[in-house]
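Structure, as structure tokens:
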Amino acid sequence: MLLGNCTTATRSISEQLDRPLTRGQRVRLRVHLLACRGCRAYASQLATLRLATRIVSGQSDVGATSTSNAAPF
């Protein structure tokens with residue numbers, strides 16, 4: 001099924017922080033995110049947490065980075 005489910009989508013969202021997803025995984029995730037508000041919220045929250053962690057650890061400048069580019073989906 002191209003749309004997939006939330007369990008697979010959230011796993012892919014998390015996995016892409018550690019490694020590049022395959023083209024098929026990226027396509028399935030993008031299609032799922034178009035249809036699922038909950039998973040879009042999860043992806044946004046994870047990107048915000050990642051940015052906050054980088055800022056606190058001194059790895060990112062607040063003015064140079066935004067949550068929209070913290071985790072490309």
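The sequence shown begins at 1 in UniProt numbering and counts up by one. Glycine is no exception: its CB is placed at the ideal position from the N, C-alpha and C atoms.
Residue i vs residue j beta-carbon contact at 8 angstroms
| i | j | result |
| --- | --- | --- |
| Ser12 | Leu29 | yes |
| Tyr42 | Thr10 | yes |
| His32 | Gly58 | no |
Simplified DSSP state of residue i, which is helix, strand or coil
| i | result |
| --- | --- |
| Ala47 | helix |
| Thr22 | coil |
| Cys36 | coil |
| Ser14 | helix |
Cβ distance (whole Å) where residue i is taken to contact residue j below 8 angstroms
| i | j | result |
| --- | --- | --- |
| Leu17 | Arg50 | 7 angstroms |
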